[in-house]
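**Student:**
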Amino acid sequence: MPISPVSSTSDVNNRIDSLGLDMQSLLQIILTQLTYQDPLKPVDNFEFVSQLAQFTSLEQSRQMTDKIDNLLSVQSATQTLGLLGRNVDVQTDAALLSGVVKSVSFKDSQPQLTVETTSGEFLTNASISQIVSVR
Numbered sequence: 058m059p060i061s062p063v064s065s066t067s068d069v070n071n072r073i074d075s076l077g078l079d080m081q082s083l084l085q086i087i088l089t090q091l092t093y094q095d096p097l098k099p100v101d102n103f104e105f106v107s108q109l110a111q112f113t114s115l116e117q118s119r120q121m122t123d124k125i126d127n128l129l130s131v132q133s134a135t136q137t138l139g140l141l142g143r144n145v146d147v148q149t150d151a152a153l154l155s156g157v158v159k160s161v162s163f164k165d166s167q168p169q170l171t172v173e174t175t176s177g178e179f180l181t182n183a184s185i186s187q188i189v190s191v192r
C-alpha cells in the first residue's frame with residue numbers, strides 16, 4: 058500500500074469536492090456575485106460570510122472523510138498482517154481449504170493472502186472475504 062505525502066495548502070485548494078468545484082472556484086463564484094450584484098439591492102454581508110462558512114465546513118468535512126478512509130485502510134492492513142502464521146479456512150470456488158497464512162501482499166490497496174494448505178499446496182491471491190474462520 059503506497060503511503061501518500063501530507064497535502065500542502067495548495068493541494069487542498071486545488072482538490073475537487075463531490076460537487077465538482079474546488080475552493081478556488083467557489084471563491085470565484087462569490088466574487089462574481091459581488092461584482093454583478095444590483096447596487097440598489099446589495100446582498101447582505103452576513104449572507105456572504107454565511108456562504109464562506111458553509112464552503113469551509115464542506116471542505117473540512119471532505120478532508121475529514123478522506124482522513125477517516127485512510128485510517129480505515131491502515132487499520133485493515135494492520136489487521137490483515139495479524140493473520141500471518143495463523144490457521145485459516147478459505148472458501149474457494151472448488152472447496153473449503155484449511156492452511157496457514159504464509160504471506161500478505163497488497164494489490165491495488167487490497168490485501169492478498171498466500172496460504173499453505175494442509176496438503177502442502179499454496180493458494181495464492183486469496184482475499185480476506187474468502188476467509189471463513191481463523192484459528
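All letters in the sequence shown, in the order written, are residues 58 to 192 by my numbering. Here a beta-carbon is modelled for each residue, glycine too, at the ideal position from N, C-alpha and C.
1) Roughly how many angstroms lie between the CA atoms of I60 and T92, to the nearest whole one?
2) Measure how close the beta-carbons of T181 and T174 come, nearest whole angstrom, since I'm counting them as under 8 Å.
3) What separation, rounded to the nearest whole angstrom, lies between the Cα atoms of K124 and Q132?
4) Does the distance from the C-beta atom of V147 to that of L154 stay below 8 Å?
5) Going by DSSP, what residues sit across from L170 in a beta bridge?
6) Leaving aside the five residues before and after P168 along the sequence, list all residues of the same chain whose C-beta is less than 8 Å from its C-beta, in chain order.
7) Could you name the residues that DSSP lists as bridge partners for G156?
8) Take G177 as the anchor and find which of V157, E116, S190 has the nearest alpha-carbon.
9) May I ask which residues mark the beginning and end of the alpha helix (DSSP H) holding D123?
10) For Q85, which option in L97, L109, E104, P96 has the closest C-alpha, if you only look at C-alpha atoms?
**Tutor:** On the basis of the supplied data:
1) Here I60 scores only 46 on pLDDT, less than 50, and its place in the model is too uncertain to base an answer on.
2) 11 Å between Cβ atoms; not a contact.
3) 12 Å
4) yes
5) V161, A183
6) S133, A134, T137, V161, S162, S184, I185
7) V145, T174
8) V157
9) 102-138
10) L109
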